[in-house]
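Visitor:
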Amino acid sequence: MRLALAQLRVEGGDVDANVDRARTAVAEAAADGADLVALPEVFNVGYFAFESYARAAESVAGPTVSALAESAREHDVGVLAGSIVEDLAASRADGVDTPAAEGLANAAVFLDRGGERRAVYRKHHLFGYGSAEQELLTPGEAVPTVEFDEHTVGVTTCYDLRFPSLYRDLVDAGATMVLVPSAWPYPRVEHWRLFPRARAVENLLYVGAVNGVGRFDDADLLGRSAIYDPWGTTLSSAGDEAAVVTADVDADRVAEVRSEFPALEDRRR
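Counted the way the numbering used here counts, the sequence shown spans residues 485 to 753.
1) Would DSSP call residue 548 helix, strand or coil?
2) Does residue 605 come out as helix, strand or coil in the three-state DSSP assignment?
3) Taking just the CA atoms, how far does residue 668 sit from residue 710?
4) How about residue 773 and residue 687: do their beta carbons lie closer than 8 Å?
5) In three-state DSSP terms, what is residue 670?
6) Just to confirm the assignment: which complete alpha helix (DSSP H) runs, minimum length 4, are found wholly within the stretch 704–752?
7) Taking just the CA atoms, how far does residue 623 sit from residue 533?
8) Between residue 540 and residue 750, what straight-line distance do the alpha-carbon atoms span, to the nearest angstrom?
9) For residue 678, count neighbouring C-beta atoms within 10 Å of its own C-beta (all shown protein chains included) and say buried if the count is 16 or more, exposed if not.
10) Measuring alpha carbon to alpha carbon, tell me which residue in 629, 570, 670 is nearest residue 659.
11) Distance, Cα to Cα, residue 746 vs residue 734?
12) When DSSP labels each residue in this structure, what does residue 679 get in the three-state scheme?
13) Is DSSP giving residue 592 helix, strand or coil here?
14) Contact check, residue 698 vs residue 723 under 8 Å by CB: the rounded distance?
15) Closest to residue 739 by CA distance: which of 661, 521, 701, 674 is it?
16) According to DSSP, what are the bridge partners of residue 542?
17) By how many angstroms is the C-alpha of residue 728 removed from the C-alpha of residue 571?
18) Does residue 648 come out as helix, strand or coil in the three-state DSSP assignment?
19) Any contact of the stretch 551–559 with the stretch 576–585, i.e. 3+ C-beta pairs under 8 Å?
20) Can you name the start and end residues of the beta strand (DSSP E) that residue 488 belongs to?
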């Protein structure tokens, strides 16, 4: 299976332009043979555009995800609609289970090749340190996985990378790959290089860490999206400009590494 990470340039608050960039990137990745395309965290609004969250929030069945579902169908690819700012009341009105009756969440939506919504992952660990995320958003509760081609795919989001137990839950659910939509800013470049690779090594699975690029009032996104194999080897990576990062990810390789180095079997609880 070929995985593509669409490292998008994100403009704060400009939903239409950001969604257009996302759809263009999906088309380009599909033309290059991608089977699954992942987008960054809050790619449609811009993570640091907190003043736009309430205005731009929508259902996970709303216009942004619907546009990406159309792209999935058109190009016969799976799409992780990175994450959006979700209006929980609107999602609930559309028949979607939500962790609260109202409020906002940071929601990543997994779409299959037919554009069908297969899973919604809402960010569990909300960032503090001067970010408004903890004030504005409701944390998620579910940790879903999706069967896609030969992989069992899990999703976590950005700050979740600092909490390894979440990845153990995904391993226990059978995950062979975890996608991590992110909005990781300067100056924490070394942390961004460390954590996705460490999660791959610890859990003997593929990690696709997809970041954005762009400048906001309070932060600059550092890009550097990368795909790591179950040994932590970098298969493909980008710099700090918009790019599409691709690599072939073989589920049999996960089984081989886990057989060769069965560290997961040595866990003690």
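From the three backbone atoms N, C-alpha and C, an ideal C-beta is built for every residue, glycine too. Being a predicted model, the structure only gives us computed values, none of them experimental.
Guide: On the basis of the data shown:
1) Reduced to three states, the DSSP call for residue 548 is helix.
2) Reduced to three states, the DSSP call for residue 605 is strand.
3) Taking the straight line joining both Cα atoms gives about 13 Å.
4) Residue 773 is absent from the structure shown; the chain starts at 485 and stops at 753.
5) In this structure, residue 670 counts as coil in the three-state DSSP scheme.
6) Listed in chain order, they are 735–744.
7) Straight-line Cα distance between these residues: approximately 18 Å.
8) Near 46 Å, if we compare the C-alpha coordinates of residue 750 and residue 540.
9) The C-beta of residue 678 has fewer than 16 other C-beta atoms within 10 Å across all chains shown, which makes the residue exposed.
10) Taking only the C-alpha atoms, the option nearest residue 659 is 629.
11) About 18 Å.
12) Assignment of residue 679 by DSSP, reduced to helix, strand and coil, places it in the helix class.
13) Strand, per DSSP.
14) About 14 Å; that fails the 8 Å criterion.
15) Nearest C-alpha to residue 739 among 661, 521, 701, 674: 661.
16) In the DSSP secondary-structure assignment, residue 542 is bridged to 570.
17) Cα-Cα distance, rounded: 29 Å.
18) If DSSP states are grouped into helix, strand and coil, residue 648 belongs with the helices.
19) Counting Cβ pairs under 8 Å, fewer than three are found: no touch.
20) Counted as a single uninterrupted DSSP element, the beta strand (DSSP E) harbouring residue 488 occupies residues 486–491.
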